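These notes concern the structure reproduced below.
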Amino acid sequence: MLVIFSDLDGTLLDRETYSYAAALPALELVRAAGVPLVLSTSKTRAEVEPLLADLGFRHPYLAENGALAVIPASYFHPHRTQRVVRFGCRYESNVAALRRASRTSGVAARGFAEMTAAEVAELTGLPPDAAERARRRDHDEPFVIPDGEPAQRLLTAIEALGKRWTRGGRFFHL
9 MLVIFSDLDG TLLDRETYSY AAALPALELV RAAGVPLVLS TSKTRAEVEP LLADLGFRHP
69 YLAENGALAV IPASYFHPHR TQRVVRFGCR YESNVAALRR ASRTSGVAAR GFAEMTAAEV
129 AELTGLPPDA AERARRRDHD EPFVIPDGEP AQRLLTAIEA LGKRWTRGGR FFHL
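Numbering (our numbering), first residue to last: 9 to 182.
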């Protein structure tokens, strides 16, 4: 059985406009061939669910940098409800760790938990309603480090707390 795994930002979605228009011909081929398309993204469930509904796909996906997997209701077994398998720490734990690492390192990082939807929209280019969905997080905390701040000092403080970070296209993630 063939399965396609894909990222969203900069892959199926345009990095600047978040449009999937350029990918539609390929998506139609995938749909016509009956090949499952499994998304793996830093986006939240609240962001992925409407996108999948809009595209007409109903397959499992990974969200928040692999911190959770979502299996749609009745996907593998009839009469099963949607299943969410969690692999990562709870969001509140990551928010607290970022705040602590920021304090101990003296680096003024700002995560989504400290930003309004308007601020997230400004940083991402998302419309306000989509920015609000991006703030509805279960695990992963995206954050920015202001220019001129010693990023490595903060990242080392995060690691000292036993946490892992990664860097995406626009944000660091914890």
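Backbone N, C-alpha and C fix where the C-beta goes; we use that ideal spot for every residue, glycine too.
Just so we're clear, the structure is a prediction, and the values are computed from it rather than from any experiment.
- With respect to the C-alpha of alanine 126, the residue from Ser113, Ile153, Arg141 and His181 having the closest C-alpha is Arg141.
- Straight across, the Cα-Cα distance linking glycine 64 with arginine 23 is about 21 Å.
- Excluding its 5 nearest sequence neighbours in each direction, proline 154 has C-beta neighbours in its own chain below 7 Å: Ala116, listed in chain order.
- Take leucine 60, set aside five residues on each side of it, and the residues of its chain with a beta-carbon closer than 8 Å to its own are Leu47, Arg66, His67 and Tyr69, in chain order.
- Less than 9 Å separates the beta-carbon of leucine 10 from that of valine 43.
- Beta-bridge partners of alanine 125 (DSSP): none assigned.
- In the three-state reduction of the DSSP assignment, tyrosine 69 falls in the strand class, which pools E and B.
- When rounded, the separation of the alpha-carbon atoms in aspartate 137 and glutamate 167 is 33 Å.
- Listed in chain order, the non-local C-beta contacts of arginine 118 below 7 Å within the same chain comprise Phe151 and Val152, local neighbours out to five positions each way being set aside.
- 9 Å or more divides the Cβ of threonine 19 from the Cβ of arginine 145.
- Around aspartate 17, the same chain offers Arg23, Tyr26, Thr49, Ser50, Lys51, Gly176 and Gly177 as residues with beta carbons nearer than 8 Å, after the five sequence neighbours per side are excluded.
- Cα atoms of tyrosine 99 and leucine 162: separation of roughly 19 Å, rounded to the nearest angstrom.
- Taking a C-beta distance under 9 Å as the contact criterion, valine 103 and alanine 129 do not qualify as a contact pair.
- Per the C-alpha coordinates, the member of Gly96, Phe95 and Ala81 positioned closest to threonine 89 is Ala81.
- Cβ-Cβ distances below 6 Å link arginine 39 to nothing in the same chain once the five nearest sequence neighbours on each side are left out.
- Take serine 14, set aside five residues on each side of it, and the residues of its chain with a beta-carbon closer than 8 Å to its own are Leu20, Leu45, Val46, Leu47 and Ser48, in chain order.
- In the displayed model, leucine 162 falls within a helix according to three-state DSSP.
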